[in-house]
């Protein structure tokens, strides 16, 4: 959260209360969260549920600033804990049993994706790789195939 606050100050941007609550909720859970689930988590207790458009606007801002990633295959969002560069290729290893997500960004992966794009004369604007399988914990039988 401190990094996000600092980056917003440096960029002259505002971390509104909804943006802050959304980011805090995503930081508190290491699994992808959908927008409607996020709305339920950050809406005031006993009050009206936040409008989906407010949640999506907050999420759009957080994604644009690099604080959050959108996982297309899950239509869900996860906090970025790595602080990598905006042009880095990011790979998400998504466990299909427990729902856990691990994030990685390496120079070798960036080079490989860049080479593929170059060979095909393709100019990528966004580079995200989603790899679905089983994490070590679930592969060793600890989760016995139960989905989160």
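In our numbering, the protein residues as written are 3 to 150. In this text, a Cβ means the ideal position worked out from N, Cα and C, and glycines have one as well.
Between residue i and residue j, what straight-line distance do the alpha-carbon atoms span, to the nearest angstrom?
{"i": "residue 20", "j": "residue 52", "result": "9 Å"}
{"i": "residue 82", "j": "residue 68", "result": "7 Å"}
{"i": "residue 16", "j": "residue 10", "result": "6 Å"}
{"i": "residue 7", "j": "residue 117", "result": "35 Å"}
{"i": "residue 18", "j": "residue 108", "result": "32 Å"}
{"i": "residue 114", "j": "residue 84", "result": "20 Å"}
{"i": "residue 161", "j": "residue 38", "result": "Since the first residue of the chain shown is 3 and the last is 150, residue 161 is not available in this structure."}
{"i": "residue 43", "j": "residue 93", "result": "27 Å"}
{"i": "residue 126", "j": "residue 89", "result": "10 Å"}
{"i": "residue 14", "j": "residue 3", "result": "16 Å"}
{"i": "residue 54", "j": "residue 12", "result": "29 Å"}
{"i": "residue 76", "j": "residue 105", "result": "15 Å"}
{"i": "residue 123", "j": "residue 143", "result": "44 Å"}
{"i": "residue 59", "j": "residue 5", "result": "20 Å"}
In chain order, what residues of the same chain lie with their CB nearer than 8 Å to the CB of residue i, ignoring the 5 residues before and after it?
{"i": "residue 135", "result": "95, 96, 97 and 98"}
{"i": "residue 40", "result": "24, 27, 28, 57, 61 and 79"}
{"i": "residue 74", "result": "130 and 132"}
Provide the residue(s) that pair with residue i in DSSP beta bridges, ordered along the chain.
{"i": "residue 72", "result": "79"}
{"i": "residue 133", "result": "95"}
{"i": "residue 106", "result": "93"}
Smallest Cα separation from residue i: which of the options?
{"i": "residue 112", "options": "36, 63, 91 and 45", "result": "91"}
{"i": "residue 137", "options": "77, 103, 72 and 34", "result": "103"}
{"i": "residue 155", "options": "142, 124 and 72", "result": "This structure leaves residue 155 out entirely; the chain is present only between 3 and 150."}
{"i": "residue 101", "options": "120, 36, 3 and 129", "result": "36"}
{"i": "residue 66", "options": "128, 140, 139 and 141", "result": "128"}
Run through DSSP, which three-state label would residue i get?
{"i": "residue 95", "result": "strand"}
{"i": "residue 89", "result": "coil"}
{"i": "residue 9", "result": "helix"}
{"i": "residue 31", "result": "coil"}
{"i": "residue 116", "result": "helix"}
{"i": "residue 15", "result": "coil"}
{"i": "residue 141", "result": "helix"}
{"i": "residue 54", "result": "helix"}
{"i": "residue 3", "result": "coil"}
With a CB to CB cut of under 7 Å and the five nearest residues on each side skipped, what residues in its chain are close to residue i?
{"i": "residue 49", "result": "none"}
{"i": "residue 64", "result": "21, 24, 25 and 70"}
What does a CB cutoff of less than 6 Å around residue i pick up in its chain, not counting 5 residues either side in sequence?
{"i": "residue 149", "result": "Only weak support exists for where residue 149 lies, its pLDDT of 49 falling under 50; the coordinates are left without a value."}
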